[in-house]
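Q:
Residue numbers (our numbering): 297 to 484.
1. Does the segment 371-389 come into contact with the segment 406-418, if we say contact requires no fewer than three beta-carbon pairs (one atom in each stretch) closer than 8 Å?
2. Which class does residue 487 belong to by DSSP, given the choice of helix, strand or coil?
3. Answer yes if the segment 359-377 comes into contact with the segment 394-401, meaning at least three C-beta pairs across the two stretches below 8 Å, and no otherwise.
4. Quick one: what's got a C-beta closer than 6 Å to residue 368's C-beta in the same chain, skipping five residues either side?
5. For a test of the three-state rule: what should DSSP assign to residue 396, helix, strand or coil?
6. Since residue 313 is in the alpha helix (DSSP H), which residue starts that stretch and which ends it?
7. Specify whether the segment 438-448 and the segment 409-429 touch according to this definition: at least 3 beta carbon pairs, one from each stretch, less than 8 Å apart.
8. Indicate the three-state DSSP secondary structure (helix, strand or coil) for residue 342 in the structure shown.
9. Buried or exposed: residue 347, going by 16 or more other Cβ atoms within 10 Å of its Cβ?
10. Where does the unbroken alpha helix (DSSP H) through residue 480 begin, and where does it stop?
11. My guess is that residue 359 and residue 314 are in contact by the Cβ rule of under 8 Å, so how many angstroms apart are they, rounded?
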């Protein structure tokens, strides 16, 4: 970091910090993971401030935020997880709006809504579960319909359908939950 104007080096350092946080997370060291992920987010935020139109940097920042949200949710810190996922969704919605044809960005947004579902489930927020699973499902359906031979899009659709069924079942719609579960079984 001796040359703050060297954007490629600064990005490399931010990515290395993100990977270190991910390694700590995989090893079960939540304290170090949290510290490294927060540092990665700080670094990415600085880079994004300097180059706000850089989609790659924004996506990198959203990945670091999503990992921090996973950690926060795993240790029962629901509100910080919700805040991080809120930022992830805002970033990814902006990226999708800037390039609607980018299927990978759309998938990233669907996955973020899936993480939001997990937060809403931890909060026991039925309306939030229905809304977030519905948002994820809508994107997954569009991607799967656009490329029926893409196994990843089909898998994402199956997962989104299961999550949608779970949201319905957990909010009292046991009979309604059967439809998305059946659709998911047709894909698998």
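Glycine included, every Cβ here is placed at the ideal spot set by N, Cα and C.
A: Considering the structure as presented:
1. The answer is yes - the segment 406-418 touches the segment 371-389, with three or more Cβ pairs under 8 Å.
2. What the structure shows of the chain is the stretch from 297 to 484, and residue 487 is not part of that stretch, so it cannot be assessed.
3. Taking 8 Å as the limit for Cβ pairs, the verdict is that the segment 359-377 does not touch the segment 394-401.
4. Cβ-Cβ distances below 6 Å link residue 368 to 376 and 377 in the same chain, with the five nearest sequence neighbours on each side left out; the list follows chain order.
5. Here residue 396 sits in coil by DSSP.
6. Run containing residue 313: 303-322, per the alpha helix (DSSP H) assignment.
7. Flag = no, the segment 438-448 and the segment 409-429 do not touch.
8. DSSP places residue 342 in helix when its eight states are reduced to three.
9. For residue 347, the number of other beta carbons within 10 angstroms of its own is below 16, and it is reported as exposed.
10. Residue range 470-483 is occupied by the alpha helix (DSSP H) that includes residue 480.
11. Correct: roughly 7 Å between the Cβ atoms.
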